[in-house]
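A.B. asks:
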Amino acid sequence: MAQPKTAWDDHPEPLTVASAPVPEYGSGSLADLLPTLAAGLGVPGMSAAITELTPADRNCVFLIDGLGWEQLKAHPEDAPFMTSLLATSRGGTGRPLTAGYPATTATSLASVGTGLPPGAHGLPGYTVRNPDTGELMNQLRWQPWTPPGPWQPYPTVFQRAHAAGVHAAQVSSPTFENTPLTRVALSGGTFLGRLPGEDRIDLAAEQLAAGDRSLVYTYFAEVDGAGHRFGVDSDAWRGQLMYADRLVQRLAEQLPPRSALYVTADHGMIDVPFDEQHRIDFDEDWELSAGVALLGGEGRARHVYAVPGAANDVLTCWREVLGEQFWVASRDEAIAAGWFGPQIDERVYGRIGDVVAAARDDVLLIASEREPKESAMVGNHGSMTPAEQLVPLLEVRS
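So for the sequence shown, my numbering puts the first residue at 2; every next one is plus one.
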């Protein structure tokens, strides 16, 4: 006879580290895109990791910040041109790429530009501890100031392409021309700043035609901004998606001969409700804050730095409190599971939290006092769920 169910039978089990969906490093992640294109252009030392892509003489990557695969598929009426290209994604397989962990702009742009996963390029989060100073370092805003070269010493794919005789160019907002993040992630060849989206697109097309072999990058930020402020599926977000769709079509219609245009993103996004069930406030939770010296990362992808000797206690507590909603791992467990890529450079090891927490459910671990602006955002990202991780790789060829 079957035993009656008890309340314990219905109690969810804590998430295991092994159950987290690790990004497709080495075969289908953002870090694999530019090396694949550069290999097709004959750049030494580059390998075609994304085997589905066919080489082209002229390659343009158009990155739309915040436009995840799932969000694009959910809004066909707002993005008819990109929707018509869904079947072309990832070399005609109709499949997306993975962003990499965490799915956040600084990390993803570094992965795109260097062709390396986070454990190698060394930007493994929105904010991480600088082991040399003990301070939190914001890798998007580059605050406090940190020498860029030692922080990310590898050459970018653009630099390597330029050295190999490929015409390399980035066309973006003038605001980004001299930022440290651009220097460590996207420098090499020529940077051309343009503010209006149409001007940026037209110039990208001109740069693509400027060489017999070309590698051009252009960027649009406003979809992400509208998502953070108003939420995915808001009127403001839909408006920016519609504009981005027109820009993609404008660029596709100007491609010079022997070109391939790839439209991708740095991460997706989800909306998180404003209530205590979905937004857990670290600054008001004595259990979670006990033994914590620094709280890094962001609401859905936390780096937790413990006071000396407290790392195991912090890990135990975070698993007990959050383990049914977050994948909670020690630094070494997250590394062994491949969250940050297949290998971790020595200089990067101490930047990763003693405890790493990645949200599975539609929840945030906010910090209302330490991070008031971030804690007030509607749309969020960072973790390994499909809504955040999966990004398109739409293709148009001439």
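Beta carbons are placed, not taken as given, at the ideal position from N, Cα and C, and that holds for glycine.
Since the structure is predicted, the reported quantities are computational estimates derived from the model, not experimental observations.
Are V392 and L98 touching if we call contact CB-CB under 8 Å?
C.D. replies: Yes, the Cβ-Cβ distance between V392 and L98 is below 8 Å.
A.B. asks: Which complete beta strand (DSSP E) runs does the region 8-65 hold, if anything under 3 residues is left out?
C.D. replies: Counting only runs of 3 or more, we get 59-65.
A.B. asks: Are the Cβ atoms of A307 and V293 separated by less than 8 Å?
C.D. replies: For A307 and V293, yes; Cβs fall inside 8 Å.
A.B. asks: Step through the CB atoms of chain C and report whether any lies within less than 8 Å of the CB of E25.
C.D. replies: Of the chains in the structure shown, none is chain C; there is only one protein chain.
A.B. asks: Per DSSP, which one or two residues make a beta bridge with T183?
C.D. replies: Answer by DSSP bridge pairing: none, since T183 is not bridged.
A.B. asks: Apart from the five residues on each side of it in sequence, which residues of its chain come closer than 8 Å, Cβ to Cβ, to T180?
C.D. replies: Excluding sequence neighbours, T180 sits near W143.
A.B. asks: Given L323, which residues of its chain have a CB within under 8 Å of its CB, disregarding the five upstream and five downstream residues?
C.D. replies: I281, L289, V329, A358, L366, listed in sequence order.
A.B. asks: Output the distance between the C-alpha atoms of K6 and G226, rounded to the nearest integer angstrom.
C.D. replies: Note that K6 has pLDDT 42, beneath the 50 cutoff, so the model's placement of it is unreliable and the number below is only indicative. For K6 and G226, the distance between alpha carbons rounds to 48 Å.
A.B. asks: Which word fits A170, buried or exposed, when buried means at least 16 other C-beta atoms lie within 10 angstroms of its C-beta?
C.D. replies: A170 comes out buried.
A.B. asks: Determine the burial state of G135: buried for a count of at least 16 other Cβ atoms within 10 Å of its Cβ, exposed for fewer.
C.D. replies: Exposed: under 16 other Cβ atoms inside 10 Å.
A.B. asks: Please classify G114 as buried or exposed, where buried requires at least 16 neighbouring CB atoms within 10 angstroms.
C.D. replies: With 16 or more Cβ atoms within 10 Å of its Cβ, G114 is classed as buried.
A.B. asks: Just how far apart, CA to CA, sit T37 and A162?
C.D. replies: Distance between the alpha carbons of T37 and A162: 12 Å.
A.B. asks: Curious, which full-length alpha helix (DSSP H) runs of at least 4 residues does the region 143-201 contain?
C.D. replies: Correct list: 149-152, 158-164, 181-186.
A.B. asks: Does the region 65-84 come close enough to the region 267-287 that 3 or more CB-CB pairs lie under 8 Å?
C.D. replies: Contact between the region 267-287 and the region 65-84 is present, because at least three Cβ pairs lie under 8 Å.
A.B. asks: Among T191, S174, P154, which one has its Cα closest to the Cα of V217?
C.D. replies: Ranking T191, S174, P154 by Cα distance to V217 puts T191 first.
A.B. asks: What would DSSP say about I345, mapped onto helix, strand or coil?
C.D. replies: Three-state result, I345: coil.
A.B. asks: Please report the distance separating the alpha-carbon of A338 from that of R247.
C.D. replies: A338 and R247: Cα-Cα distance of roughly 40 Å.
A.B. asks: Under the three-state reduction of DSSP, which class applies to D282: helix, strand or coil?
C.D. replies: D282 falls in the strand class under three-state DSSP.
A.B. asks: Please list the terminal residues of the continuous beta strand (DSSP E) segment that includes Y220.
C.D. replies: Its beta strand (DSSP E) spans residues 215-221.
A.B. asks: Would Y155 pass as a contact of L141 if the rule is Cβ separation under 8 Å?
C.D. replies: The answer is no: Cβ separation not under 8 Å.
A.B. asks: Whether or not the region 365-379 and the region 49-58 are in contact is what I'm after, with contact meaning three or more pairs of Cβ atoms, one per stretch, closer than 8 Å; do they touch?
C.D. replies: Counting Cβ pairs under 8 Å, fewer than three are found: no touch.
A.B. asks: Can you round the beta-carbon distance between S399 and P258 to whole angstroms, since I take them to be within the 8 Å contact cut?
C.D. replies: So it is a contact: roughly 6 Å between Cβ atoms.
A.B. asks: What does a CB cutoff of less than 7 Å around L54 pick up in its chain, not counting 5 residues either side in sequence?
C.D. replies: The residues are T37, G92.
A.B. asks: Have a look at L395, M385, Q390 and flag the residue whose alpha-carbon is nearest the alpha-carbon of A21.
C.D. replies: Checked all of L395, M385, Q390; the closest Cα to A21 is M385.
A.B. asks: Would you mind giving the Cβ-Cβ distance between V172 and L124, rounded to the nearest angstrom? I have them listed as a contact below 8 Å.
C.D. replies: V172 to L124, Cβ: 22 Å. No contact.
A.B. asks: Just tell me which of L87, G212, P151, G166 has its CA closest to the CA of T265.
C.D. replies: Minimum Cα distance to T265 is reached at L87.
A.B. asks: Exposed or buried, what is A3 when buried is set at 16 or more other beta-carbons lying within 10 Å of its beta-carbon?
C.D. replies: With a pLDDT of only 40 at A3, under 50, the local geometry of the prediction cannot be trusted, and the value read off the model is given with reservation. The residue is exposed, with fewer than 16 neighbouring Cβ atoms inside 10 Å.
A.B. asks: Bridge partners for H229 per DSSP, in chain order?
C.D. replies: H229 is not bridged to any residue.
A.B. asks: When the Cα of W340 is compared with those of Q241, L137, A100, V129, which residue comes out closest?
C.D. replies: When only C-alpha atoms are compared, the closest one is A100.
A.B. asks: Who are the Cβ neighbours of A39 in its own chain at under 6 Å, not counting the five residues just before and after it?
C.D. replies: Here the set comprises M47, V158, A162.
A.B. asks: Among P145, S30, Y244, T183, which one has its Cα closest to the Cα of D79?
C.D. replies: The option with the nearest alpha carbon to D79 is Y244.
A.B. asks: Whose C-beta lies closer than 6 Å to the C-beta of Q390 among residues of the same chain, with five residues either side of it excluded?
C.D. replies: Only T99, A100, A104 meet the Cβ criterion.
A.B. asks: To the nearest angstrom, how far is the alpha carbon of Y220 from that of D314?
C.D. replies: Looking at the two C-alpha atoms, the distance is approximately 43 Å.
A.B. asks: Starting from the C-beta of I345, find all residues in its chain whose C-beta is less than 7 Å away, skip the five residues before and the five after it, and write them out in chain order.
C.D. replies: Counting only Cβ-Cβ distances below 7 Å, and skipping sequence neighbours, we find G120, I336.
A.B. asks: Going by Cα to Cα distance, which pick from H229, G116, M83, S215 is closest to D33?
C.D. replies: Measuring from the Cα of D33, the nearest candidate turns out to be G116.
A.B. asks: Relative to the C-alpha of R195, which residue among P343, G240, D362, F177 is closest?
C.D. replies: Residue F177 is the option with its Cα nearest to R195.
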